[in-house]
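K.L.:
In this note's numbering, the protein residues as written are 528 to 646.
Note that CB positions come from ideal geometry on N, CA and C, so glycine has one too.
See below:
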């Protein structure tokens, strides 16, 4: 294969990858739109843990996973306007791993999405 043939093949491959990536972005956006998801989701790192704030109109969901060398604390709150509907915490007797923190946050976001979709 000469140099021009290689460049042509590489260009085609790059175009195919770009189209595939763009298509996946469009389908992802459509999936969110189809569910009526107007949720605003903000995840931030807090030390070894993370926090997520999800809002939809007057409703707000909050989760903080606080990890120390000794333990982990998970705080969950749900409020509508200024009234707290849920305000709970759980303490784990050991620190959570980064994967456990990610899974906890992802599970919470998915559960909020499912509950918001039902309403």
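Count the other C-beta atoms from every protein chain shown that fall within 10 angstroms of the C-beta of residue 576, then say buried if there are 16 or more, exposed otherwise.
P.N.:
Flag for residue 576 reads buried.
K.L.:
Going by the CB atoms, is the gap between residue 625 and residue 583 shorter than 8 Å?
P.N.:
No, these two residues do not count as a Cβ contact at 8 Å.
K.L.:
Going by DSSP in three states, residue 634 sits in which element: helix, strand or coil?
P.N.:
It is helical.
K.L.:
Looking only at C-alpha atoms, which of 585, 621, 620 and 578 sits nearest to residue 606?
P.N.:
It is 585 whose Cα lies nearest to the Cα of residue 606.
K.L.:
Which whole-angstrom value describes the C-beta separation of residue 591 and residue 578, a residue pair presumed to lie in contact below a C-beta threshold of 8 Å?
P.N.:
With 8 Å as the limit, residue 591 and residue 578 qualify as a contact, their Cβ atoms being about 4 Å apart.
K.L.:
So, for residue 581: in the same chain, excluding its five sequence neighbours on each side, which residues have a beta-carbon less than 6 Å away from its beta-carbon?
P.N.:
566, 568, 588 and 639, listed in sequence order.
K.L.:
Considering only DSSP beta bridges, list what residue 587 is partnered with.
P.N.:
Bridge partners of residue 587: 582 and 606.
K.L.:
Out of curiosity, what's the CA-to-CA distance linking residue 636 and residue 630?
P.N.:
Answer to the nearest angstrom: the Cα atoms are 10 Å apart.
K.L.:
Label residue 593 either buried or exposed according to how many other C-beta atoms from any shown protein chain fall within 10 Å of its C-beta, with 16 as the threshold for buried.
P.N.:
By the 10 Å Cβ count, residue 593 comes out buried.
K.L.:
Using only the alpha-carbon positions, how far apart do residue 609 and residue 627 sit?
P.N.:
So the two alpha carbons sit approximately 31 Å from each other.
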